[in-house]
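Let me begin by presenting the structure, written as structure tokens, before commenting on it.
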Amino acid sequence: EKIINLILQEPDNFCALRTNNQGETMRKLALTDDILLKIEKPARYIGHEVNSVMKDKNAVDIRFAMCFPEVYEVGMSHLGIQILYDMFNRREDTWCERVYSPWIDLDKIMREKHIPLFALESQDPVKEFDFLGITLQFEMCYTNVLQVLDLSGIPLHSEDRTLEDPFVIGGGPCVYNTEPLAEFFDMFYIGEGEVVYDELLEAYKKWKRAGKSRKEFLEMAAEIEGIYVPSFYDVTYKEDGTIESFLPNNPHAKEKIKRVVAADMSQTTYPLKPVVPFIKVTQDRAVLEIQRGCIRGCRFCQAGMVYRPTRPRDINMLKETARAMLKNTGHEEITLSSLSSSDYNELEEIVTFLIDEFHTQGVNISLPSLRIDAFSLDVMSKVQDVRKSSLTFAPEAGTQRMRNVINKGLTEDDILNGAGQAFEGGWTKVKLYFMLGLPTETQEDMEGIAVLADKVARRYYEIPKDQRNGKCQITASSSFFVPKPFSPLQWATMQPMEEYIRRAGIVQEAFRNQLNRKSLRYNWHTAEVTVLEGVFARGDRKVGKVLEEAYRLGCIYDAWDEYFDYDKWLQAFENTGVDMDFYNLRKRELDEIFPWDFINCGVTKSFLIREWKNAMEGNVTPNCRAKCSGCGAASYGGGVCFEGKN
Numbered sequence: 031e032k033i034i035n036l037i038l039q040e041p042d043n044f045c046a047l048r049t050n051n052q053g054e055t056m057r058k059l060a061l062t063d064d065i066l067l068k069i070e071k072p073a074r075y076i077g078h079e080v081n082s083v084m085k086d087k088n089a090v091d092i093r094f095a096m097c098f099p100e101v102y103e104v105g106m107s108h109l110g111i112q113i114l115y116d117m118f119n120r121r122e123d124t125w126c127e128r129v130y131s132p133w134i135d136l137d138k139i140m141r142e143k144h145i146p147l148f149a150l151e152s153q154d155p156v157k158e159f160d161f162l163g164i165t166l167q168f169e170m171c172y173t174n175v176l177q178v179l180d181l182s183g184i185p186l187h188s189e190d191r192t193l194e195d196p197f198v199i200g201g202g203p204c205v206y207n208t209e210p211l212a213e214f215f216d217m218f219y220i221g222e223g224e225v226v227y228d229e230l231l232e233a234y235k236k237w238k239r240a241g242k243s244r245k246e247f248l249e250m251a252a253e254i255e256g257i258y259v260p261s262f263y264d265v266t267y268k269e270d271g272t273i274e275s276f277l278p279n280n281p282h283a284k285e286k287i288k289r290v291v292a293a294d295m296s297q298t299t300y301p302l303k304p305v306v307p308f309i310k311v312t313q314d315r316a317v318l319e320i321q322r323g324c325i326r327g328c329r330f331c332q333a334g335m336v337y338r339p340t341r342p343r344d345i346n347m348l349k350e351t352a353r354a355m356l357k358n359t360g361h362e363e364i365t366l367s368s369l370s371s372s373d374y375n376e377l378e379e380i381v382t383f384l385i386d387e388f389h390t391q392g393v394n395i396s397l398p399s400l401r402i403d404a405f406s407l408d409v410m411s412k413v414q415d416v417r418k419s420s421l422t423f424a425p426e427a428g429t430q431r432m433r434n435v436i437n438k439g440l441t442e443d444d445i446l447n448g449a450g451q452a453f454e455g456g457w458t459k460v461k462l463y464f465m466l467g468l469p470t471e472t473q474e475d476m477e478g479i480a481v482l483a484d485k486v487a488r489r490y491y492e493i494p495k496d497q498r499n500g501k502c503q504i505t506a507s508s509s510f511f512v513p514k515p516f517s518p519l520q521w522a523t524m525q526p527m528e529e530y531i532r533r534a535g536i537v538q539e540a541f542r543n544q545l546n547r548k549s550l551r552y553n554w555h556t557a558e559v560t561v562l563e564g565v566f567a568r569g570d571r572k573v574g575k576v577l578e579e580a581y582r583l584g585c586i587y588d589a590w591d592e593y594f595d596y597d598k599w600l601q602a603f604e605n606t607g608v609d610m611d612f613y614n615l616r617k618r619e620l621d622e623i624f625p626w627d628f629i630n631c632g633v634t635k636s637f638l639i640r641e642w643k644n645a646m647e648g649n650v651t652p653n654c655r656a657k658c659s660g661c662g663a664a665s666y667g668g669g670v671c672f673e674g675k676n
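According to this note's numbering, the sequence shown is numbered sequentially starting from 31.
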């Protein structure tokens, strides 16, 4: 709305986006003014934001289109894109530009008018670029990947591409099982982007000068550690549908792809001038990544395994980065990013610095992923309005037995003591996050979610009435557990959709029976999305045809409730003859070959099996700082594995 008003009120300023100070044409917007005035939030598509990088496309050797296959507001909130965008554009020979999925309204217009998908900075068609890099953040964004390829005019299948097409490379959390997307990508980057991208880009320049074939570049790429070229591997299946073999068919391809890791996070680049969006985005703030990885070892958590070992950033580097980002963006909020911020050794120092340096300047400080203890509450009371804000706990399970199964490392006393301290500090709103459908779950575990929420409310009402701030509000939310590759629970069996709904009903009924039910609220995740996420999280190459068929039937923006169409997905499974239950409901044996077993992510399969058995027995494994469990991540030679060692 703001940008439309700007266009209508000050058309000369809008036209300035098209010219430089001398009036010479800099670039032509890919969308005409009449289209921009017709669609929702046109600022999603015009580029030229503060700190966006403009280069002469004729003066660079490599043009890289970096895509987040979601709407602009979501994609602009992604730290990984900002890091790679900054890193690539520091190279004089490379121009990295951004691409996001067009929203539903523009998608329709682009198809009707045959407008190719374009990059924001130059407004040039994506098909003209050398690379299209796509971040794979969530399985339910996979149809948007096909939308991006389709609107770009790039053949969906890698085997159909020619030298006229960019190389399509995937990265991000979902590359730990790439197989459902294998036929749509030329290559995948397995690991952290700061490590071998420079080597890949140098190989591309060498290949381009030599004038070789498309296959020959893929062979060069396959020689680089961490790069996986799916067309260079053949999969055979047993009669029961499980994998019999997964072997290279090209001498340049390695049998095992080792995840690449930045051993010292303080030596990596970090964006000092992040791009500032024109419109409000999902996370409209400066983001300071304080460390990567997690010591906790929750058995359901893929990120806690694949980002091992835990590696902190240097405190002085963080201070200078915070100063630069806030100065260069004008953001009024800065957030600390980490899987578990409380485990950063210099947390008190960096938080104190941020408060002293910026809080008096009107900069809000956000501290997610904190354990709720006395220190955290003291800090949050300084940076939050406790009467308006809520605190978040993630018990994940309602009973101690189940928390031991998943190795949560959190007792009921921890939860109630933390909540009690929060209530005494003035907070009255608490959010509790749980999972339903965990392996070995019983009805007592399900009802325990409501019981624990009620105990938290009771803890509030133990405070003398004259010291309370009205009533408390406890909001409990449950998602349904999805087993993820490289987590110890990757062998777990899921449930039918109807069973998830039944279990949510049990929890809901238990909430109705609690003493403090008027102070309690309960909601749960969509079961239909859960079963699809399960298929694509652990699926093999055979489910790629389901994805393509669903896209053909009109599925995009499946992560958005208003556009998710489960009936179309069921039709896609029926049309392709793929059995959803094979991927979700059958028992997996410990010796089964998984579609992701060719990846060496540092954490060994023997460790994951050991943790799976510990889960079934309810045994707790200490965190990495308390005791090394020999997971295998020490092979990377850095981080928590070597703390205190010279």
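For each residue, glycine too, the CB sits at the ideal point set by N, CA and C.
With 16 other Cβ atoms within 10 Å as the buried cut-off, status of A557: buried
Does the stretch 582-600 come into contact with the stretch 168-181, if we say contact requires no fewer than three beta-carbon pairs (one atom in each stretch) closer than 8 angstroms? yes
Quick check on DSSP: helix, strand or coil for A46? Unreliable placement is indicated for A46, whose pLDDT of 39 sits below 50; the coordinate value is still reported in the next sentence. DSSP places A46 in helix when its eight states are reduced to three.
Terminal residues of the continuous alpha helix (DSSP H) containing K692? For residue 692 there is no data in the structure shown, the boundaries of the chain being 31 and 676.
Apart from the five residues on each side of it in sequence, which residues of its chain come closer than 8 angstroms, Cβ to Cβ, to N51? Residue confidence is low: N51 scores 41 on pLDDT, short of 50, so the model does not pin down where it sits. No coordinate-derived value is stated.
For G53, three-class secondary structure by DSSP: Low local confidence applies: a pLDDT of 38 at G53 is under 50, so the model's placement there is unreliable, and no value is given.
Inter-residue spacing [alpha-carbon to alpha-carbon] between I254 and Y552: Rounded to the nearest angstrom, the two C-alpha atoms are 49 angstroms apart.
Distance, F161 Cα to R93 Cα: 7 angstroms
Using a Cβ-Cβ cutoff of less than 7 angstroms, which residues in the same chain neighbour G668 once the five nearest sequence positions on both sides are dropped? A293, D294, P339, R341
For T124 and P307, the rounded distance between their alpha carbons: 22 angstroms
Can you confirm whether the stretch 206-215 touches the stretch 232-252 when touching is taken to mean that 3 or more C-beta pairs between the two stretches lie within less than 8 angstroms? These segments do not touch.
D91 - partner residues in DSSP beta bridges: Note: D91 sits in no beta bridge, so no partner.
DSSP on W590, reduced to helix/strand/coil? Three-state result, W590: coil.
Limits of the unbroken beta strand (DSSP E) element including W125: 124-130
When S636, D64, V198, M432 are compared against P260, the one with the closest alpha-carbon: V198
Can you give me the start and stop residues for the beta strand (DSSP E) that I395 sits inside? 394-396
Supposed contact pair V156 and A95 - C-beta distance, whole angstroms, cut 8 angstroms: 5 angstroms
Between R74 and the rest of its own chain, which residues show a CB-CB distance below 6 angstroms, the 5 nearest in sequence each way excluded? Same-chain partners within the cutoff: Y102.
Is the beta carbon of G202 within less than 7 angstroms of some heavy atom of the ligand PLP? Among the ligands in the structure shown, none appear at all, so the ligand PLP cannot be discussed.
Using a Cβ-Cβ cutoff of less than 7 angstroms, which residues in the same chain neighbour A487 once the five nearest sequence positions on both sides are dropped? C502, I504, N546, S549, L550
Just mark N437 as buried or exposed, buried being the case when its beta carbon has 16 or more other beta carbons within 10 Å. buried
Are V290 and V336 touching if we call contact CB-CB under 8 angstroms? No; because the gap between Cβ atoms is not below 8 angstroms, this pair is not in contact.
Going by DSSP, what residue range makes up the beta strand (DSSP E) through G201? 197-201
Report the option in M646, N434, G467, L150 whose CA atom is closest to the CA atom of T560. G467
Assign S636 to one of two classes, buried (16 or more other C-beta atoms within 10 Å of its C-beta) or exposed (fewer than that). exposed
Between E426 and chain B, is there a C-beta pair that is closer than 8 angstroms? The structure shown contains no chain B; it is built from a single protein chain.
Does the stretch 324-335 come within contact of the stretch 365-375, defined as at least 3 CB pairs closer than 8 angstroms? yes
Contact set for E100: own chain, Cβ-Cβ below 7 angstroms, skip 5 residues either direction: Result list for E100: Y130, S131, C171, N174, in chain order.
Would you mind working out which of D270, I395, A452 sits nearest R618, comparing C-alpha positions? When C-alpha distances from R618 are compared across D270, I395, A452, the shortest belongs to D270.
Where do the ends of the alpha helix (DSSP H) carrying D116 lie? 109-119
Less than 7 angstroms between C-beta atoms, sequence neighbours within five positions excluded: which residues of the same chain meet that for N358? N81, L302, K303
With the cut-off set at 8 angstroms, would you say T365 and S396 are in Cβ contact? yes
Option nearest R121 by Cα separation, candidates F511, L638, V670, V83: V83
First through last residue of the beta strand (DSSP E) which encompasses Y234: That residue, Y234, is in no beta strand (DSSP E); its alpha helix (DSSP H) goes 227-240.
Quick one: measure Cβ to Cβ for Q473 and I536, integer angstroms, because I've assumed they're closer than 8 angstroms. 6 angstroms
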